[in-house]
Structures are given as structure tokens and as C-alpha cells.
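In UniProt numbering, the protein residues as written are 1 to 159. Worksheet: the structure to be examined is printed underneath.
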């Protein structure tokens with residue numbers, strides 16, 4: 001749920017201030033730090049603004065996605081709920097495949113998520129569930145980068 005700020009003039013002034021200096025978000029009252037548009041404006045200036053957002057904003061998958069598309073390190077500020085969003089996880093592992101280690105188990109078993117992670121770094125295969133480790137397409141993405149990836153493939157694929 002996104003908080004609504006009722007004083008339109010204050011809100012416009014805050015939006016203007018955040019558009020000039022994203023760090024202003026840090027000192028704002030919670031209602032503004034929970035406002036999706038204000039947080040999105042700050043995040044557009046610098047992904048680190050997500051760290052100053054209210055908990056409700058850090059749970060908003062759309063806001064988190066905006067931040068992680070700018071820099072994967074924004075994942076540290078995201079809530080578990082936001083990290084449970086498939087689009088967010090795909091954006092993360094596309095930039096830093098090893099983050100698959102911290103993904104929920106369903107994503108570790110998802111061949112498309114694992115493939116995206118492995119495209120970025122073959123070592124991500126180590127964190128994949130059994131089904132993707134047995135998927136020749138996924139394993140090929142990893143072994144194209146390093147034959148060492150075979151150690152993470154299922155015996156059926158190695159044969």
C-alpha cells in the first residue's frame with residue numbers, strides 16, 4: 001500500500017527538492033519517504049536513495065526494480081517481499097549472477113531465472129536447484145564460459 005500525502009503544495013515542494021538532491025529523502029518525514037512518486041524520483045537520481053525510503057516503499061517491487069536496474073547493490077535495501085518478485089530477481093541476477101544464492105528456492109528451481117544468472121556468471125549454477133542443473137540448455141550457458149561449470153551439473157548432463 002502506498003501512502004498518500006494530502007498537502008499538495010508540500011508534496012510538490014518535496015518532489016522538486018528530491019529531484020535536485022536525492023539525499024533530501026533521508027531527512028523527510030515517513031509519509032514522504034513512503035510516497036512512491038517521491039521515492040521513485042529520488043531513486044532515479046541515485047539507487048542508494050532506496051536505503052532512505054520507508055519500509056513500505058522498500059517492499060514495493062516496482063520501486064525496488066527501478067533501483068536494482070540502476071545498480072544491483074540496491075538489493076540490500078529491498079524487503080523480502082520485493083525480493084520475492086520474479087522481475088526483481090531477474091534484474092538482479094542479470095547483473096550479478098551469484099545473487100541466485102540468496103534467491104528464494106522457487107527461483108533457484110526456475111530454469112529461466114537460473115539461465116539469466118548463469119549468463120552473467122557461470123558460478124551461479126552452484127546455487128541452482130536440481131532441475132536447472134539437469135537442463136542441458138542452462139548447463140551449456142555455463143560451460144560456454146568455463147568447463148569447471150560441469151561440476152555443478154547433474155550426472156545425467158555430465159554423461
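All residues carry an ideal CB built from backbone N, CA and C; glycine is no exception.
Quick one, are the C-beta atoms of residue i and residue j less than 8 Å apart?
i, j, result
"residue 79", "residue 48", "no"
"residue 165", "residue 138", "An answer regarding residue 165 cannot be provided, because it is not within the stretch 1 to 159 covered by the chain."
"residue 131", "residue 96", "no"
"residue 83", "residue 63", "no"
"residue 120", "residue 103", "no"
"residue 157", "residue 136", "yes"
"residue 77", "residue 100", "no"
For residue i and residue j, I'd like the C-alpha separation in whole angstroms.
i, j, result
"residue 46", "residue 67", "8 Å"
"residue 147", "residue 98", "18 Å"
"residue 18", "residue 26", "10 Å"
"residue 143", "residue 55", "40 Å"
"residue 71", "residue 88", "12 Å"
"residue 129", "residue 105", "8 Å"
"residue 11", "residue 61", "22 Å"
"residue 44", "residue 35", "14 Å"
"residue 115", "residue 9", "47 Å"
"residue 153", "residue 145", "14 Å"
"residue 5", "residue 15", "The pLDDT assigned to residue 5 is 46, lower than 50, so where the model puts this residue is not dependable; a value taken from the coordinates is nonetheless given after this. Between residue 5 and residue 15, the C-alpha separation is close to 12 Å."
"residue 69", "residue 81", "17 Å"
Out of the options, point me to the one whose CA is closest to residue i's CA.
i, options, result
"residue 141", "124, 155 and 156", "124"
"residue 73", "84, 60, 91 and 62", "91"
Output the boundary residues of the alpha helix (DSSP H) element that contains residue i.
i, result
"residue 83", "80-83"
"residue 101", "Unbroken run through residue 101: none, as it is neither H nor E."
"residue 24", "That residue, residue 24, is in no alpha helix (DSSP H); it is neither H nor E in DSSP."
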